[in-house]
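Step one of this worksheet: look at the structure below.
There are 2 protein chains.
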Amino acid sequence: MVRVGSVIVRVTVLAGGIGGARFLGGVRAALADEADAEITAIVNTGDDVTMHGLRICPDLDSIMYTLGGASDTERGWGRQGETWRIKEQLALYGAEPTWFGLGDLDISTHLVRTRMLDAGYPLSDVTAALCDRWKPGVRLLPMTDDRCETHVVVDGENGNRRAIHFQEWWVRYRAEIPAYAFVQVGLESAQAAPGVLEAILEADVLLLAPSNPVVSIGTILAVPGVRDAIIQRTGPVIGLSPIIGGAPVRGMADSCLPVIGVEVSAQAVAAHYGARSAGGLLDGWLIHDTDTAAVDGIAVRAVPLYMTDDEASAAMVQAALDLAESTRA
Amino acid sequence: MVRVGSVIVRVTVLAGGIGGARFLGGVRAALADEADAEITAIVNTGDDVTMHGLRICPDLDSIMYTLGGASDTERGWGRQGETWRIKEQLALYGAEPTWFGLGDLDISTHLVRTRMLDAGYPLSDVTAALCDRWKPGVRLLPMTDDRCETHVVVDGENGNRRAIHFQEWWVRYRAEIPAYAFVQVGLESAQAAPGVLEAILEADVLLLAPSNPVVSIGTILAVPGVRDAIIQRTGPVIGLSPIIGGAPVRGMADSCLPVIGVEVSAQAVAAHYGARSAGGLLDGWLIHDTDTAAVDGIAVRAVPLYMTDDEASAAMVQAALDLAESTRA
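Below is the structure:
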């Protein structure tokens, strides 16, 4: 039974894709006995991309498939039983790009989404419609209904630099070519999707999932109004470190943090997020039990942070809720 | 060696989908030894439809796949090795329609086409790009680059009538609900695609494939300028009957001809097309060897008209070219 004080738990989570999905599985498991619990995930859409005319939302889909019990846990991304026949056919037609792992089952999601977007539905409505099938048990909100995409500034021809879509840097180049900056195209004029600011303001606990602090959490934080809502909210904000022993647990945060001048450590990420008492975001920070971190105004607690299964993730969530409770006291 | 008079053969064919595809296989086989032969197919696009945001051109694709050696000859439509995983997924999402046999491999074609059309390329360019892969050995021209779709007037609620897309009538209802009229939405203001009128005017022989005289050939003939070009051309025009013994060889022409008041017989279809000398279209008409037909001004010849394989189809084509030669003499 998880209660924060004596209030029915409304938990809101800022989340990226695969790590966010696993973490949300933990949140759902931790609150499984709490019939009135309301879990809201505010999901990064900066990784979104249009390929072959299909609108693809990798983070939303990773979470939806994972919580819907349809993700391939062995491969770590995409759907169970996925095949890539269409990808192969598109390559035979010479249709670019060929480097993106567009699965057949996955394409059906993109077809439904693209059609609804083309018909004028906002992404938040589309996401709700897709979730009608997957029943993730968590309210999934895209951070914004506006199109904004993360681009990466990399080396171009003749000593010039060029910007490529984040997916190209991440998937095609495995984050192995130097990045000089991340540019969120369209983000400045984006509006938080309906319900996002309310979910931040009204949640009993706000959690920052152990997702990439730069291109996942950082992008959500850059949506106009989000950072202010976090600062304004009265309840606690607890972050979980995606860095263990100086390396990201998954993903390539070690390629992203240095780009924004942040060291790859649990300590540095906490300092980057900052203490709420000092105009930052965090009341509490969970780090892995072999790490250390100390930032004025942030309550730090060390617990195991490997999300090996829902039980382990739920234990992390429980620790985060306990930490929230202690910061409230 | 097929020559018409002493001119290198340029053959243009008006064609629908599956029957047209087989017939064009015969044309290609008949002219295989003729290095300079130019075969042009002017293809019905009235069956085209947008489903799940994908632009689908059934007749163009049937021809492209068949001549590209990729069609499923046993099933009679679509691609060899086709699967329907995405169709199943779309149904699980509740995305309508669910009655159309949208194959996975086929979807890749529609994705490429839709993307190119959305980027502003005309359908004729898109078709040429797709044919770069399939190398059909025949120049495929959509009858028009303009969107026009055949609708069918059927019974609606409360004694009213309603119009449904041809595909819905054909595929969903197997042409088994009464049709009162065919309406080609957009056809009146459509323009023949680039090269279509020239291919009709300049061909040494113009062939009307044994395709549906109403919703395939009839639709092509209704494209502004096409009928006039046929009447104006100097070379012969030879049609092949799609009706054998009072029934269509394939497809459902028997459901379509009565709608426009034409009897289901080789004779009636010849009379419907009419003699060029009387303002109609035909110089010659090939019927199956068990049929009879007689129309003033049309040279009728009876030969086997079952397209069991390329050899049989090629023999039909050879008979058509011979008949063309005889009408010219």
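Residue numbers (our numbering), protein chains in the order written: chain A, 25 to 353; chain B, 25 to 353.
From the three backbone atoms N, C-alpha and C, an ideal C-beta is built for every residue, glycine too.
All figures in this text were calculated on a predicted structure; none of them were measured in a lab.
**Study point:** For A:L245, the first and last residue of its enclosing alpha helix (DSSP H)
**Key:** For the purposes of this step, residue 245 of chain A is identified with residue 221 of the first sequence, where counting begins at 1. Following the DSSP letters along the chain, one finds A:L245 inside the alpha helix (DSSP H) bounded by residues I241 to L245.
Practice item. Answer yes or no: do B:S301 and B:G321 have a C-beta to C-beta separation smaller than 7 Å? Key: As a first step, residue 301 of chain B is located in the second sequence; it is residue number 277 there, counting from the start. As a first step, residue 321 of chain B is located in the second sequence; it is residue number 297 there, counting from the start. In contact: B:S301 and B:G321 (Cβ atoms closer than 7 Å).
**Study point:** Per-residue burial, B:G303 [other beta carbons within 10 Å of its own, 16 or more giving buried]
**Key:** Sequence index remark: in the second sequence, residue 303 of chain B carries index 279 (1-based). In the assembly as shown, B:G303 is an exposed residue. Its beta-carbon has fewer than 16 other beta-carbons within 10 Å.
Review point. Comparing the C-beta of A:Y204 with each C-beta of chain B, is any distance below 7 Å?
Key: Stepping through the first sequence from its first residue, residue 204 of chain A is reached at position 180. No, no contact with chain B.
Check your understanding: What did DSSP end up calling B:S95 once you bin it into helix, strand or coil?
Key -> Within the second sequence, the letter at position 71 stands for residue 95 of chain B. Strand, per DSSP.
Check your understanding: How is A:H76 classed by DSSP in three states: helix, strand or coil?
Key -> Numbered from 1 along the first sequence, position 52 holds the residue referred to as residue 76 of chain A. Coil, per DSSP.
Practice item. Assign B:W101 to one of two classes, buried (16 or more other C-beta atoms within 10 Å of its C-beta) or exposed (fewer than that). Key: Translated into the one-based positions of the second sequence, residue 101 of chain B becomes position 77. Here B:W101 is buried: its Cβ has 16 or more other Cβ atoms, across all protein chains shown, within 10 Å.
Check your understanding: Is there a Cβ from chain A that is less than 7 Å from the Cβ of B:A336?
Key -> What you label residue 336 of chain B is simply residue 312 of the second sequence in a count that begins at 1. No, its Cβ sits nowhere closer than 7 Å to a Cβ of chain A.
**Study point:** Exposure label - B:E106; buried when at least 16 CB within 10 Å
**Key:** One-based indexing of the second sequence puts residue 106 of chain B at position 82. With 16 or more Cβ atoms within 10 Å of its Cβ, B:E106 is classed as buried.
**Study point:** Whole-angstrom distance between B:I80 and B:T74, CA atom to CA atom
**Key:** Here residue 74 of chain B refers to the residue found at position 50 of the second sequence. Here residue 80 of chain B refers to the residue found at position 56 of the second sequence. Those two C-alpha atoms are separated by around 6 Å.
Practice item. Look at the Cβ atom of A:A199, then the Cβ atom of A:M276, and state whether they are nearer than 7 Å. Key: Locating residue 199 of chain A in the first sequence gives position 175, where the first residue counts as 1. Locating residue 276 of chain A in the first sequence gives position 252, where the first residue counts as 1. Taking 7 Å as the Cβ cut-off, A:A199 and A:M276 qualify as a contacting pair.
Review point. What residues in its chain sit with their C-beta under 7 Å from that of B:I267, if we drop five residues either side in the sequence?
Key: Position 243 of the second sequence, counting from 1, holds the residue named residue 267 of chain B. Beyond the five residues adjoining it in sequence on each side, B:I267 comes within less than 7 Å, by CB distance, of A277, V288, S289, A290 and V293 in the same chain, given in chain order.
Review point. In or out: A:N184 buried (at least 16 other Cβ within 10 Å) or exposed?
Key: Mapped onto the first sequence, residue 184 of chain A falls at position 160. When all chains shown are included, A:N184 counts as exposed.
Review point. Is there a Cβ from chain A that is less than 7 Å from the Cβ of B:Q113?
Key: Locating residue 113 of chain B in the second sequence gives position 89, where the first residue counts as 1. Closer than 7 Å: yes.
Practice item. For A:M25, collect the residues of the same chain with a Cβ closer than 8 Å to its Cβ; drop the 5 residues on either side in sequence, then sort them by chain order. Key: Taking the first sequence and counting its residues from 1, one reaches residue 25 of chain A at position 1. Caution applies to A:M25, whose pLDDT of 43 falls short of 50 and renders its modelled position unreliable; the value that the coordinates give is listed next. The beta carbon of A:M25 sits closer than 8 Å to the beta carbons of D57 and E58 from its chain, once the five residues preceding and following it are set aside; these are given in chain order.
Check your understanding: Taking DSSP as the reference, what is the three-state secondary structure of A:Q104?
Key -> On the first sequence, position 80 is the one that residue 104 of chain A refers to. Coil.
Check your understanding: First and last residue of the alpha helix (DSSP H) that includes A:E112?
Key -> Position 88 of the first sequence holds residue 112 of chain A. If you look at A:E112, you'll find it in the alpha helix (DSSP H) that goes R109 to L116.
Review point. Just the Cα atoms here: how many angstroms apart are A:I66 and A:Q113?
Key: Along the first sequence, read from residue 1 onward, the residue named residue 66 of chain A stands at position 42. Along the first sequence, read from residue 1 onward, the residue named residue 113 of chain A stands at position 89. Roughly 35 Å separates the two Cα atoms.
Practice item. Return the residue from the list B:V286, B:V177 and B:L225 that minimises the CA-CA distance to B:L38. Key: Position 14 of the second sequence, counted from the start, is the residue given in the question as residue 38 of chain B. In terms of CA proximity to B:L38, B:L225 leads the group B:V286, B:V177 and B:L225.
**Study point:** Within 7 Å, strictly: CB atoms of A:S337 and A:R46
**Key:** In the first sequence, counting from the first residue as 1, residue 337 of chain A sits at position 313. In the first sequence, counting from the first residue as 1, residue 46 of chain A sits at position 22. Yes, the pair counts as a contact, with Cβ atoms nearer than the cut-off.
Practice item. Determine, using beta carbons only, whether B:F190 and B:D72 come nearer to each other than 7 Å. Key: As a first step, residue 190 of chain B must be located in the second sequence, where it is residue number 166. As a first step, residue 72 of chain B must be located in the second sequence, where it is residue number 48. No; because the gap between Cβ atoms is not below 7 Å, this pair is not in contact.
Point to revise | Rounded C-alpha distance that separates B:D315 from B:V195 | key: Taking the second sequence and counting its residues from 1, one reaches residue 315 of chain B at position 291. Taking the second sequence and counting its residues from 1, one reaches residue 195 of chain B at position 171. So the alpha carbons of these two residues sit roughly 30 Å apart.
Exercise for review: Starting from the Cα of B:V220, find the closest Cα among B:T168, B:L154 and B:H175 and give me that residue.
Suggested key: Position 196 of the second sequence, counting from 1, holds the residue named residue 220 of chain B. Ranked by how close their Cα comes to the Cα of B:V220, the residues B:T168, B:L154 and B:H175 have B:T168 in first place.
Practice item. Have a look at B:A203, B:R99 and B:G249 and flag the residue whose alpha-carbon is nearest the alpha-carbon of B:S213. Key: If you number the second sequence from 1, residue 213 of chain B lands on position 189. Closest by alpha carbon: B:G249.
Review point. Leaving out five residues before and five after A:V177 in sequence, what residues of the same chain have Cβ atoms less than 6 Å from its Cβ?
Key: Mapped onto the first sequence, residue 177 of chain A falls at position 153. The answer, listed in chain order, is R185, A187, Y204 and A205.
Review point. Using a C-beta cutoff of 7 Å, does A:H76 count as contacting chain B?
Key: Sequence index remark: in the first sequence, residue 76 of chain A carries index 52 (1-based). Cβ-Cβ to chain B under 7 Å: yes for A:H76.
Exercise for review: List the endpoints of the continuous alpha helix (DSSP H) containing B:I224.
Suggested key: Stepping through the second sequence from its first residue, residue 224 of chain B is reached at position 200. Annotation for B:I224: the continuous alpha helix (DSSP H) segment containing it runs V220 to E226.
**Study point:** Outcome for A:L53 when other beta-carbon atoms lying within 10 angstroms are tallied against a minimum of 16
**Key:** In the first sequence, the residue the question calls residue 53 of chain A occupies position 29. One detail in the question is off: residue 53 of chain A reads as Ala in this sequence, not Leu. With 16 or more other Cβ atoms inside 10 Å of its own Cβ, A:A53 counts as buried.
Practice item. Anything in chain B within Cβ reach of A:Y117, meaning under 9 Å, just list it in chain order. Key: As a position in the first sequence, residue 117 of chain A is number 93, starting the count at 1. Neighbours of A:Y117 on chain B, chain order: S132, T133, L135, V136, A153, L154, D156 and R157.
Check your understanding: CA-CA distance, A:S86 and A:G41?
Key -> Taking the first residue of the first sequence as 1, we reach residue 86 of chain A at position 62. Taking the first residue of the first sequence as 1, we reach residue 41 of chain A at position 17. One alpha carbon belongs to A:S86, the other to A:G41, and they sit about 5 Å apart.
Practice item. Determine the direct distance from the alpha carbon of B:L55 to that of A:H76, and round the result to whole angstroms. Key: Within the first sequence, the letter at position 52 stands for residue 76 of chain A. Within the second sequence, the letter at position 31 stands for residue 55 of chain B. Each residue's Cα considered, the two are about 38 Å apart.
Review point. Would you report the Cα separation of B:S240 and B:Q208, rounded to the nearest angstrom?
Key: Here residue 240 of chain B refers to the residue found at position 216 when the second sequence is read from its first residue. Here residue 208 of chain B refers to the residue found at position 184 when the second sequence is read from its first residue. In this structure, the alpha-carbon of B:S240 lies about 11 Å from that of B:Q208.
Check your understanding: Considering only the beta carbon of each residue, do B:I218 and B:S279 sit closer than 7 Å?
Key -> Counting from one through the second sequence, the residue named residue 218 of chain B turns up at place 194. Counting from one through the second sequence, the residue named residue 279 of chain B turns up at place 255. Correcting the residue identity first, residue 218 of chain B is Pro in this sequence and not Ile. Inclusion of B:P218 and B:S279 in the CB contact set at 7 Å is not warranted, their separation being larger than that value.
Review point. If we count the other Cβ atoms within 10 Å of its Cβ and call it buried at 16 or more, is B:D83 buried or exposed?
Key: By 1-based counting over the second sequence, the position of residue 83 of chain B is 59. Burial call: buried.
Practice item. Jot down the residue ranges of each uninterrupted beta strand (DSSP E) in the segment 297-329 of chain A, minimum 3 residues, whole runs only, in chain order. Key: Counting only runs of at least 3 residues, the segment 297-329 of chain A fully encloses the following beta strand (DSSP E) elements, listed from N- to C-terminal order: 308-312 and 323-327.
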